[in-house]
Amino acid sequence: MAIFFLFKKNNGAKRSEAILNWIAMSTFKLKTHRAGKTYSNPHFFILNKGLNSGKPLLKSCANCFVVTTTTEEVKHTLFHLSMMLQIGGFYAYYLKGSVIPFISIDDCRNTLKNSFTSLINNEFQLQKHINIVSVISKKEAELQKVISKMADLKVSYIQSLFSKMQKEAI
């Protein structure tokens, strides 16, 4: 009798896992991007070659996959989930190739799908993590702009210093 219940539990777990996989796969499609092709559904791109493989992009490039979704909300969620996976190094595990590393479409799809299905059960926590990473990314971009302006200021100061020295020498 206990074996029957064990089998029933395992069957139920497999069924719920199959349902979650179906939800994840019906939520998005991941394909190889073809140059010049346009997409009507909400979409974003994932870089598939180089050390930044897995990086989500808003604009297409030559070596990328396209992720099409049903809604803008799902696109936003998957975009940030992909960014977290890339920053966390989860795509790096699947890189292949010695000269130019790349990630296969199946590895990319499975990593994104498995992450999405494991986090979809607690959507509130997922949105919380996405919001935190978004705020950190925005702050990082602001600081990069400040650093760039500081570098420009340093160059301008040095150039003006030497131009004054040259004028005095003449």
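Here the sequence shown is numbered in UniProt numbering, starting from 1 and rising by one per residue. C-beta atoms are modelled at their ideal positions from N, C-alpha and C, and glycine is treated no differently.
For residue j and residue i, believed in contact at Cβ under 8 Å, the rounded distance
i, j, result
"phenylalanine 44", "phenylalanine 79", "5 Å"
"phenylalanine 90", "lysine 96", "Going by Cβ atoms, the distance from phenylalanine 90 to lysine 96 rounds to 15 Å, so no, they are not a contact pair."
"alanine 35", "alanine 62", "7 Å"
Host beta strand (DSSP E) of residue i (start-end)
i, result
"lysine 149", "Note, lysine 149: premise wrong, no beta strand (DSSP E); alpha helix (DSSP H) at 123-169."
"valine 66", "64-69"
Contact set for residue i: own chain, Cβ-Cβ below 6 Å, skip 5 residues either direction
i, result
"proline 56", "Phe44, Ile46, Phe79, Ser82 and Met83"
"isoleucine 130", "His80"
"lysine 31", "Val66"
"lysine 167", "none"
7 Å Cβ shell around residue i - same chain, five flanking residues per side excluded
i, result
"residue 181", "Outside the modelled stretch of the chain, which goes from 1 to 170, sits residue 181, for which no answer is possible."
"glutamate 142", "none"
Short Cβ contact (8 Å threshold) for residue i with residue j
i, j, result
"isoleucine 100", "glycine 50", "yes"
"threonine 68", "asparagine 41", "yes"
"histidine 33", "serine 60", "yes"
"threonine 77", "leucine 112", "no"
Element boundaries [alpha helix (DSSP H), containing residue i]
i, result
"threonine 32", "Segment 28-32 is the beta strand (DSSP E) holding threonine 32; no alpha helix (DSSP H) there."
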